[in-house]
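Chains as they are written, first to last, in this note's numbering: chain A, 458 to 611; chain B, 436 to 1061. First the structure, in the form of structure tokens, and then the observations on it.
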Amino acid sequence: MKRITVTAENCAGCRQCEMVCSFQHTGKFSSSLARVTVHKDDRNGLDYPLMCRQCTDCPPLDSCPVQAISRNSDGAIWVDWQTCTGCGLCENVCKYDAVKLNESKAYICDLCGGDPHCVQRCPTEALQYIETPEFTETPETAFSRMKEEWCFNE
Amino acid sequence: MSRFYGYTGKILRISLSDESLNVENLTVEDARNYLGGRGFNAHRLYKEVKAGIDPLEQENKLMFATGPLVGTMFPTASRFNVSAKSPHTGIFGDSNAGGHFAPEMKFAGYDQIIIEGKSENPIYISVKDDEIEFRDAEQITGSTVFDADAYIKKDLADARTQTVICGPAAENGVKYGALFANQVRAASRTGMGTVMASKNVKALALRGTGAVEVAEPDRFRDLVLQLEQEIREHEQYQGRRLMGTTRILMMANAAGFLPTRNYLSGVYEHAAEVSGEKLAEKYNVKSRGCFACTIPCSRVYSVKNGPFKGLHGEGPEYESLGSFSSRIGNPDIELALKGNDLCNQLGLDILTVAGCIGWAMELYEAGELTKEETGGLELNWGNKEAFLTLIQQISDREGFGDILADGSVEAARKLGKGMDRTVQVKGMDLIMADPRGLKGFGLGYAVSSRGGDHLRSEPFIELSDDPELGRQMFGVPEATLRREEKGKGKLINYFEDWCAVIDALEPCKNIMQNMMLLPFEKAATVMEITTGLKLTPKEVREAGSRIINIERMFGIREGITRQDDDLPKRFKETPLTEGDSSDVVVNIEFMLDEYYTERGWDIATGHPTPETLRRLDLGFAVADLP
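Here you go:
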């Protein structure tokens, strides 16, 4: 299926993805209302936008005690906020820390119905929406790779 | 108006002496009159900080403010102003920085944060939405900016905390200690870090979970998309993406106004070796940007070999790169990077460091300063060891560094020599553009409310050398010819108002002003769509003019007059001898006459007239006129 992938070398850390995500879903601007979070390492000038990877094996979906999490017709993870109790179990079991809890609701990327706005708006082509089996990179592994590659550990 | 859009509508006042807090409401009148950011600070500082106080005593107040566009997806809206009476100059102190601090202020719910009084113990202030804590800073007293930032994020157990931090230089009482957001985004001018340190505060840490709403979301989205397209299609886009402001260095050299060896020359024979092009080609590994930036222009560099192997970080910008290369006669770009990194960690204003070291090197080379007086440092142009040692000495206020730690004017006073060789206005060491080749910039330096600096006006348009622009905009063709003096009063009057508006709304001046994307007409539209406040383009410009005048009155109250609106002697008397800006000097008096006339200020004294103040709703300041 199509997934959002990250090219961390390109990410400038501007957080336009957070802003457009929040705006698109709520009409307001707030990092807390965004389903994507840019992880930052200011000392090394590194940034990484993290959102749901749409894993084939999705622990939050499997473990939601009230079955509020499902896949929609595009295959994207979908949270039914009518049902969601905000217990936070999904936040704990997600392998990528890609679930955010805000005002007692789970916030998870829904791929904007197949046309993710964060990808459209990214000014440096750090985000792509492409067909790929899985996407398993974490901010930590990306940061280590870049630090190694650019001799930041010398 | 029942509620604010764009603005949060709240001002947080933190009184350190009794650890009390107060949340005040923003008024519609203040929003209309001062717009935000620099305007909010200028207004409140004038009203709340009395003339004649010691900037390092508790009567001084440190104010942070941001603008209505920040905390949204408006391209480049990421900036804040920090203001106080300056310990470096004794007049209006104010500096501006980007990064991610300003949007966090909005998400936490504040347009402005005012810090007053003085803490008994070393603390840092944590603001998390409406929870404010005074936290022990014993552990980070004397820490570098980088270490303090890491400590605070750990101490608060929140990596998304945004900080502004002062370094050890400010804590040691260096008069030009800066404040740093995101470790390297410096609000560096006028000693705002020193003011914070004087209050026993190491850092202000913010975390906000709230939201910013705009008045007309659909029109706002369209406006943002249109602006982004204009940015991407702009002729400066590629150059800025690749080099940021460092792209200027080679241009400045070609035009003969690249300050070289403390402004003794405007051409540096090693310019190509220390250029933005060289940095991009050999050292840059990735780009970085401030919050909501469509044209991220910052760069991360890495030094992979040689004596500084392993050195890496963000930046530098043109002013820092030039400061530590041509200005001090240093052809080694890696040494410039090292100096830049050291100043960021110690929390120093690089322009002033370079002003002081460049001045001392000139004296030393001229035989007017001896090795005995410098404590053994051989201050020849570009001396690597002496350069790095001196930066550390300045920060520690030790040895010869102690002499330089109050700025070049104070250094000349202490040594009893070299005043004519200082390159400063109103005590603030000048930036990196020689006014002999840029007459409008020269006038801008002379009248700037914070002393020798271009960011109050930045009339980049005179670089076009296109008389047609001057004719269209000001009815004076010479206004946009860089070596001419006629029309520069009109030019600076216009550009000062414009810069004040940008600094109040708080997007990036490099993009919205230099790339001409947010003129007064557009700013009025943006204000309406974002905040719901309807202002005409004329009213927007008047707000800019109001900010200029209230800052001027802050200076007037401290004794500033026409005599202080001056340039260093060498620019008025000694022409450059090589390059494209040679054989001319600056006639500052001629330009001042025109500027005061345009401003509605008294030509003899440089004071705003009572009529001018009343016209701008600044009648309350009339009583403060001498």
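Quick reminder that beta carbons are idealized off the backbone N, C-alpha and C, glycines included.
inquiry  = Can you tell me whether B/P766 is helix, strand or coil according to DSSP?
reply    = By one-based count along the second sequence, residue 766 of chain B stands at place 331. In the structure shown, B/P766 sits in coil (DSSP, three-state: anything other than H, G, I, E or B).
inquiry  = Starting from A/P516, trace the alpha helix (DSSP H) in both directions and tell me its first and last residue.
reply    = As a working mapping, residue 516 of chain A is identified with position 59 in the first sequence. Element bounds for A/P516: P516 to S520.
query = Does the beta-carbon distance from B/R642 to B/Q597 come in below 9 Å?
reply = Within the second sequence, the letter at position 207 stands for residue 642 of chain B. Within the second sequence, the letter at position 162 stands for residue 597 of chain B. Yes, the Cβ-Cβ distance between B/R642 and B/Q597 is below 9 Å.
request  = Have a look at B/A959, B/A638 and B/R976 and flag the residue whose alpha-carbon is nearest the alpha-carbon of B/L658.
outcome  = Indexing the second sequence from 1 puts residue 658 of chain B at position 223. Distances from the alpha-carbon of B/L658 to those of B/A959, B/A638 and B/R976 put B/A959 closest.
task = Let me know if B/E749 comes out buried or exposed under the rule of 16 or more other beta-carbons within 10 Å of its beta-carbon.
result = If you number the second sequence from 1, residue 749 of chain B lands on position 314. Under this definition B/E749 is a buried residue.
inquiry  = Taking only three categories from DSSP, how would you classify B/G711?
reply    = Position 276 of the second sequence, counted from the start, is the residue given in the question as residue 711 of chain B. In the structure shown, B/G711 falls within a helical segment according to DSSP collapsed to helix, strand and coil.
ask   = Is the shortest distance between the beta-carbon of A/W607 and the beta-carbons of chain B less than 9 Å?
value = Walking along the first sequence from the start, residue 607 of chain A turns up at place 150. For A/W607, the answer is yes, since a Cβ of chain B falls inside 9 Å of its Cβ.
message = On the DSSP bridge list, what partners appear for A/T462?
response = Looking up residue 462 of chain A in the first sequence gives position 5. Per DSSP, A/Q585.
ask   = Rounded to the nearest angstrom, how far is the Cβ of B/G474 from that of B/A978, given a contact under 8 Å?
value = Here residue 474 of chain B corresponds to residue number 39 of the second sequence, with the count starting at 1. Here residue 978 of chain B corresponds to residue number 543 of the second sequence, with the count starting at 1. Taking 8 Å as the upper bound for CB-CB distance, B/G474 and B/A978 are in contact here, some 7 Å apart.
task = Mind checking who B/R642 pairs with in its DSSP beta bridge?
result = Here residue 642 of chain B refers to the residue found at position 207 when the second sequence is read from its first residue. B/R642 has B/K563 as its beta-bridge partners, per DSSP.
message = So B/T729 contacts chain A; which residues on that side make the cut at Cβ distance below 7 Å?
response = Taking the first residue of the second sequence as position 1, residue 729 of chain B is located at position 294. Within chain A, P580 have C-beta atoms less than 7 Å from the C-beta of B/T729, given in sequence order.
message = Beta-carbon within less than 6 Å of B/K563's beta-carbon, same chain only, minus the 5 sequence neighbours each way: which residues are those?
response = As a first step, residue 563 of chain B must be located in the second sequence, where it is residue number 128. So the qualifying residues of the chain are R642.
query = Of all the alpha helix (DSSP H) runs that stay within the bounds of the region 598-659 of chain B, which reach a length of 4 or more residues?
reply = Correct list: 603-606 and 627-633.
message = Using 8 Å as the cut-off, can you tell me whether the region 567-576 of chain A makes contact with the region 528-538 of chain A, which would need three or more C-beta pairs spanning the two stretches below that distance?
response = Touching, yes, given that three or more Cβ pairs across the two stretches are closer than 8 Å.
ask   = By DSSP, does B/W816 sit in helix, in strand, or in coil?
value = Counting from 1 along the second sequence, the entry for residue 816 of chain B is found at position 381. The answer is coil: DSSP assigns B/W816 none of H, G, I, E or B.
task = Spatial neighbours of B/G444 within its chain, please: CB distance less than 8 Å, with the 5 preceding and 5 following residues excluded, ordered by chain position.
result = Residue 444 of chain B sits at position 9 when you count from the first residue of the second sequence. The beta carbon of B/G444 is closer than 8 Å to those of R438, N460, L461 and D546 in its chain, skipping five residues each way along the sequence.
query = Residue range of the beta strand (DSSP E) that B/L447 falls in?
reply = By one-based count along the second sequence, residue 447 of chain B stands at place 12. Run containing B/L447: K445 to S450, per the beta strand (DSSP E) assignment.
message = Taking the beta strand (DSSP E) that B/Q547 belongs to, which residues open and close that run?
response = The residue labelled residue 547 of chain B in the question sits at position 112 within the second sequence. First-last of the beta strand (DSSP E) with B/Q547: Q547 to E551.
task = Per DSSP, which residues does B/A500 bridge with? Please list them.
result = Locating residue 500 of chain B in the second sequence gives position 65, where the first residue counts as 1. Answer by DSSP bridge pairing, in chain order: B/N516 and B/Q547.
query = Under 9 Å Cβ-Cβ, which residues of chain B neighbour A/S601?
reply = Stepping through the first sequence from its first residue, residue 601 of chain A is reached at position 144. The premise fails here: A/S601 is roughly 15 Å from chain B at the closest Cβ pair, so nothing lies under 9 Å.
query = Which stretch, first to last residue, makes up the alpha helix (DSSP H) that contains B/I785?
reply = One-based indexing of the second sequence puts residue 785 of chain B at position 350. Looking at the DSSP string, the run of the alpha helix (DSSP H) that includes B/I785 is I785 to E800.
message = Could you pull the DSSP bridge partners for A/K562 from this structure?
response = In the first sequence, counting from the first residue as 1, residue 562 of chain A sits at position 105. Per DSSP, A/N559.
ask   = Counting Cβ pairs, one atom from each stretch, are 3 or more of them under 8 Å apart for the region 1014-1033 of chain B and the region 949-958 of chain B?
value = Output reads no: the region 949-958 of chain B does not touch the region 1014-1033 of chain B.
inquiry  = Quick check: B/G1014 and B/N688, are their CB atoms within less than 9 Å of each other?
reply    = As a first step, residue 1014 of chain B must be located in the second sequence, where it is residue number 579. As a first step, residue 688 of chain B must be located in the second sequence, where it is residue number 253. Yes.
request  = Report yes if the C-beta distance between B/T524 and B/G441 is below 9 Å; otherwise report no.
outcome  = The residue given as residue 524 of chain B occupies position 89 in the second sequence. The residue given as residue 441 of chain B occupies position 6 in the second sequence. No.
ask   = Is B/E1013 helix, strand or coil when you go by DSSP?
value = Numbered from its first residue, the second sequence carries residue 1013 of chain B at position 578. In the structure shown, B/E1013 sits in coil (DSSP, three-state: anything other than H, G, I, E or B).
query = Should B/K874 be labelled buried (16 or more other beta-carbon atoms within 10 Å of its own) or exposed?
reply = Mapped onto the second sequence, residue 874 of chain B falls at position 439. Residue environment analysis places B/K874 among the buried positions, since at least 16 neighbouring C-beta atoms fall within 10 angstroms of its C-beta.
query = In chain B, what lies closer than 8 Å to A/M476 by C-beta?
reply = Sequence index remark: in the first sequence, residue 476 of chain A carries index 19 (1-based). Simply T507, M508 and A727.
ask   = Looking only at C-alpha atoms, which of B/L968, B/Y880, B/A585 and B/K861 sits nearest to B/E464?
value = To locate residue 464 of chain B, count along the second sequence from 1; it is residue 29. Minimum Cα-Cα distance from B/E464 among the listed residues B/L968, B/Y880, B/A585 and B/K861 corresponds to B/L968.
inquiry  = Between which two residues does the alpha helix (DSSP H) holding B/P1045 run?
reply    = Here residue 1045 of chain B is taken as the residue at index 610 of the second sequence, counted from 1. For B/P1045, the enclosing alpha helix (DSSP H) begins and ends at P1045 to R1050.
inquiry  = Please report the straight-line C-alpha distance between B/G691 and B/N818, rounded to a whole angstrom.
reply    = Residue mapping note: residue 691 of chain B aligns to position 256 of the second sequence, counting from 1. Residue mapping note: residue 818 of chain B aligns to position 383 of the second sequence, counting from 1. Straight-line measurement puts the Cα of B/N818 at about 24 Å from the Cα of B/G691.
key: C-beta atoms of B/D784 and B/G626 nearer than 9 Å   = On the second sequence, residue 784 of chain B is found 349 positions in, with the first residue counted as 1. On the second sequence, residue 626 of chain B is found 191 positions in, with the first residue counted as 1. It is a contact, given that the beta carbons lie within the stated cut-off.
Partners in chain B for A/L490, counting only beta-carbon separations shorter than 7 Å = Counting from 1 along the first sequence, the entry for residue 490 of chain A is found at position 33. A646, listed in chain order.
ask   = Between the region 856-876 of chain B and the region 691-707 of chain B, do at least 3 Cβ pairs fall closer than 8 Å?
value = In this structure the region 856-876 of chain B lies against the region 691-707 of chain B, because at least three pairs of beta carbons, one per stretch, are closer than 8 Å.
ask   = B/P1003 to A/D498, Cα distance in whole Å?
value = Taking the first residue of the second sequence as position 1, residue 1003 of chain B is located at position 568. Taking the first residue of the first sequence as position 1, residue 498 of chain A is located at position 41. When only Cα atoms are considered, B/P1003 and A/D498 end up about 42 Å apart.
request  = Please list, in chain order, all residues of the same chain as B/A594 whose beta carbon is under 7 Å from its beta carbon, the five residues on each side excluded.
outcome  = Reading the second sequence from its first residue, position 159 is the one you call residue 594 of chain B. So the list reads K588, once near-sequence residues are dropped.
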